[in-house]
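Participant: Please see the structure below; I have some questions.
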Amino acid sequence: MSTLSSSSVSGPDPVKRRVPRATAPHGPRPDPNPASPITRRLRASAGLPSGRAVLGGVLISASVLGIIAAYRDATVDQRSDVLVIGRAVRPGASITAADLALAPMQLASITEGRSYVDPAEVIGSTVLVALEPGDLLSPAMIAEGERSRAVMARTVGLSLNADHALGGRLNVGDRVDVFSLASSTEPATVLVRDARISAISTPSSGAIGSGGRLALSLDVADEREALAIVDADSGTGVTLVRASGDNTGVAAEPDA
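Numbering-wise, the sequence shown is residues 692 to 947 according to my numbering.
This is the structure:
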């Protein structure tokens with residue numbers, strides 16, 4: 692029986708078989724140094740500002756605009772011309788154009804609404820308080836304008852005992868009702884309502900006793916009211932009554 696040598700056997704060597712070569716998988720090669728989740732978030736947000744940064748920018752812009760607006764308001768002249776007194780005026784005097792002047796002022800809204808800009812609104816009004824040059828005119832300082840005074844078509848002069856003139860406690864600009872005194876046959880009656888005291892003459896002492904007399908002028912609406920007062924004063928006499936709470940005038944200065 693013959694022995695076969697290894698060299699006589701054909702075919703591949705069973706020990707030295709070839710091992711197939713490993714092939715690379717399809718797709719990108721894996722990152723040898725993978726980033727952490729925090730690093731990936733930082734990389735994703737690095738290109739855009741955060742919401743906090745945007746809010747900060749808005750606030751800075753608003754503050755800059757506010758500074759600009761404040762500077763503009765502080766540098767722009769916001770004054771307007773208003774009427775003031777140009778020379779001294781005594782109580783009881785009527786305002787004329789020569790008494791007035793215009794002055795540039797910046798007033799608060801509440802004061803601006805109580806000031807005057809048109810001379811026609813105050814010319815002819817009666818002054819209730821002593822006014823000095825530069826005083827700002829307001830409704831509390833004057834009684835009625837030209838249009839209201841046109842209604843007061845008559846002025847009546849009276850000389851009354853203090854007892855019939857509220858004890859002398861009367862002021863220019865006060866409003867009073869005029870009553871006739873009662874007689875033996877007629878009761879007291881109302882002659883005129885809402886007459887305005889336009890002038891008062893007091894003693895030099897400035898005080899009127901119960902027996903003293905007071906000279907005053909009353910503005911009334913028409914001739915009929917003036918005649919009623921004159922007739923009553925020459926007859927039984929008249930007395931003055933002031934409406935409750937009406938004390939808006941200024942006390943008269945005593946005669947020199």
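All residues carry an ideal CB built from backbone N, CA and C; glycine is no exception.
Taking the straight line between their C-alpha atoms, what separation do you get for R860 and S892?
Facilitator: Start at 1 with the first residue of the sequence shown, and residue 860 comes out as number 169. Start at 1 with the first residue of the sequence shown, and residue 892 comes out as number 201. So the two alpha carbons sit approximately 12 Å from each other.
Participant: Thinking C-alpha only, which one of T876, R845, R743, D865 is nearest P915?
Facilitator: Taking the sequence shown and counting its residues from 1, one reaches residue 915 at position 224. A small fix is needed here, since residue 915 is Arg in this sequence, not Pro. Answer by Cα proximity: R845.
Participant: Can you tell which of T787, V911, V775 has the C-alpha that lies nearest to the C-alpha of R866?
Facilitator: In the sequence shown, the residue the question calls residue 866 occupies position 175. Checked all of T787, V911, V775; the closest Cα to R866 is V911.
Participant: Where does A652 sit, in a helix, a strand or coil, going by DSSP?
Facilitator: Residue 652 lies beyond the range of the chain shown here (692 to 947); nothing can be said about it.
Participant: Quick one: what's got a C-beta closer than 7 Å to E823's C-beta in the same chain, skipping five residues either side?
Facilitator: For the purposes of this step, residue 823 is taken as residue 132 along the sequence shown, with counting starting at 1. Excluding sequence neighbours, E823 sits near I776, A779.
Participant: Taking only three categories from DSSP, how would you classify R743?
Facilitator: Mapped onto the sequence shown, residue 743 falls at position 52. Of the three classes helix, strand and coil, the one that applies to R743 here is helix, per DSSP.
Participant: Are the Cβ atoms of V869 and T927 separated by less than 9 Å?
Facilitator: Residue mapping note: residue 869 aligns to position 178 of the sequence shown, counting from 1. Residue mapping note: residue 927 aligns to position 236 of the sequence shown, counting from 1. Cβ distance not < 9 Å, so V869 and T927 don't count as in contact.
Participant: Just to check my reading of the structure: A753 and P782 have Cβ atoms closer than 8 Å, yes? What is that Cβ distance to the nearest angstrom?
Facilitator: Here residue 753 corresponds to residue number 62 of the sequence shown, with the count starting at 1. Here residue 782 corresponds to residue number 91 of the sequence shown, with the count starting at 1. Contact flag wrong, Cβ pair sits at about 54 Å.
Participant: Span of the alpha helix (DSSP H) holding R922?
Facilitator: Residue 922 sits at position 231 when you count from the first residue of the sequence shown. Position check: residue 922 holds Asp in this sequence, whereas Arg was assumed. Segment 914-925, the alpha helix (DSSP H) holding D922.
Participant: Sort out for me which residues DSSP pairs S908 with in a bridge.
Facilitator: Here residue 908 corresponds to residue number 217 of the sequence shown, with the count starting at 1. Bridge partners of S908: G848, A890.
Participant: Could you check what DSSP says for S752 in three-state terms: helix, strand or coil?
Facilitator: As a working mapping, residue 752 is identified with position 61 in the sequence shown. Correct three-state label for S752: helix.
Participant: Does the distance from the CB of T872 to the CB of I888 come in under 9 Å?
Facilitator: The residue you call residue 872 lines up with position 181 of the sequence shown. The residue you call residue 888 lines up with position 197 of the sequence shown. Looking at the sequence itself, residue 872 is Leu, so the reference to Thr does not match. No.
Participant: Give the C-beta separation of V808 and L774 to the nearest angstrom, bearing in mind that I take them to be a contact with Cβ-Cβ under 8 Å.
Facilitator: Residue mapping note: residue 808 aligns to position 117 of the sequence shown, counting from 1. Residue mapping note: residue 774 aligns to position 83 of the sequence shown, counting from 1. Yes, they are in contact, since the Cβ atoms of V808 and L774 sit about 6 Å apart, within 8 Å.
Participant: Where does I759 fall in DSSP's three states?
Facilitator: For the purposes of this step, residue 759 is taken as the residue at position 68 of the sequence shown. I759 falls in the helix class under three-state DSSP.
Participant: Look at L849 and D924 and say whether their C-beta atoms are less than 9 Å apart.
Facilitator: Here residue 849 corresponds to residue number 158 of the sequence shown, with the count starting at 1. Here residue 924 corresponds to residue number 233 of the sequence shown, with the count starting at 1. In this structure, D924 lies closer than 9 Å to L849 by Cβ.
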